[in-house]
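Asks:
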Amino acid sequence: MQCLLPIFCWWCAGPTKSPEDDIGTSPGYKLASKMIRDHQLLGGSMSGPIEFTCGNWVKNNPIPCHHMTFSQYIKLGDKVEKELREDGNLSTNRKKTEKDVDKVIELKTDIAKIRGGASNEYNLRRFGNLRKHMPLIDWDRFFLEVAPPAAHSYFKSDPLILVRQSDYLKRLNELLKYKDPRIITNYVFLRFSSILPKEMGGRYEDVTQDYMRAMYGRQEKAPRWKECTKSTKDLSKYATSAMYIRKAFDKKALYKAEKMLRLVAYPDFILDDKKLDEQYEGLNIDDNDSYAKLMEKVARFGIKYIFKRLTEPVDRSEYDFNPAAVNVTTLR
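Numbering (the UniProt record's numbering), first residue to last: 1 to 332.
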């Protein structure tokens, strides 16, 4: 409260001036004037230190609809964000943005309406038939750009593929013909951002939690450490499983696993560092990578890994589970 003493003395010294009165033009005078206006100088006794120090600021700065709380720090952050947008010629039109959001919701609703039932999800078709179902997309170009070169010959051979709800693709093709490309682009960005709520900050996490509570009954968010551990385990299942098995498995558990089916314990190669490195060959993580860049590299590695398997024979004895998740019950 030491910093408030000069203001308190000024208040006790005599009648106050109106905030609009000219009390000077220097930066110091202006700052003092603003501090005085933010304080609630009551005519009688003070109802409390919070009301005295922050009363008028709270009254004059209601919490915006897009914030859970509000403070001078958040207000300053909004101001800086606005100035950065203007300096970068990224000015936004709030009404236009709201209209775009309504259009995206409308598109999502239309897509939901044309979806078929689960009973129509198993349809074997030739790869080339995709062009007949949905000619709006250049399927050859898409898969040849996404898949690694090792899988290109597979797609060029016109293989049999599983097309889920082929009629849905035809209906979607007709629907998108009459939609504004801008709205389709916004929808794609929405789908992309929806997989990264934890990386976009607390506001987006809060909205996601509200959705999860309404849709699935999840009452609260998982602790941050649990979310990070789960993400790491899911993105690098063999590497994290090697750490887990070396620490948690004992001879008794290994003996128990040997008496069970071969696909219960873990694949032998994950305890061989050289073979484990070969499993992740092509995934190069740099210390200077941003988090977004790291996630992009992991996603691209996973996509290429899946496509490469299309050119390889099926190994029915392959262990394709996450040992760190499966073996918790084995150790009990």
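Glycine included, each C-beta is placed from N, C-alpha and C at the ideal position.
Tell me the rounded alpha-carbon separation between G105 and R203.
Replies: Strictly speaking, residue 105 in this sequence is Ile, with Gly absent from that position. Distance between I105 and R203, taken at the CA atoms: about 20 Å.
Asks: In its own chain, which residues sit with a C-beta less than 6 Å from the C-beta of N288, not counting the 5 before and 5 after it?
Replies: none
Asks: In chain order, which continuous runs of the alpha helix (DSSP H) of length 4 or greater are located wholly inside the segment 168-217?
Replies: 181-193, 202-216
Asks: Rounded C-beta distance between F127 and D158? I'm assuming under 8 Å.
Replies: 5 Å
Asks: On the DSSP bridge assignment, give the partners of R126 in chain order.
Replies: L160
Asks: Figure out for me which residue from L283, F143, L107 has the closest Cα to the Cα of K179.
Replies: Among L283, F143, L107, the Cα nearest to that of K179 belongs to L107.
Asks: Taking the alpha-carbon of K221 as reference, which of D110, T232, Q209, C228 has the nearest alpha-carbon?
Replies: Q209
Asks: Over the uninterrupted alpha helix (DSSP H) stretch that includes R115, give me the two end residues.
Replies: The continuous stretches of alpha helix (DSSP H) do not include R115, and DSSP gives it neither H nor E.
Asks: Could you check whether L310 and Y168 sit closer than 8 Å to each other, using their CB atoms as the reference points?
Replies: The answer is no: Cβ separation not under 8 Å.
Asks: Tell whether a beta-carbon distance below 8 Å holds between L276 and Y216.
Replies: no
Asks: Ends of the alpha helix (DSSP H) at Y238?
Replies: Where Y238 is concerned, the enclosing alpha helix (DSSP H) stretches over 237-248.
Asks: Tell me the DSSP secondary structure of residue 342 in three-state form.
Replies: Any property of residue 342 remains undetermined from this structure, which presents the chain solely from 1 to 332.
Asks: K251 to T109, Cα distance in whole Å?
Replies: 56 Å
Asks: Buried or exposed for Y266, going by 16 or more other Cβ atoms inside 10 Å?
Replies: buried
Asks: With DSSP as the reference, label P267 as helix, strand or coil.
Replies: P267 carries a coil assignment under DSSP once its states are collapsed to helix, strand and coil.
Asks: Do you know whose CA, among E312, A292, K274, K156, lies nearest S193's CA?
Replies: A292
Asks: Would you kindly work out how many angstroms separate the C-alpha atoms of L144 and P223, rounded to a whole number?
Replies: Taking the straight line joining both Cα atoms gives about 40 Å.
Asks: Does DSSP classify Y154 as helix, strand or coil?
Replies: helix
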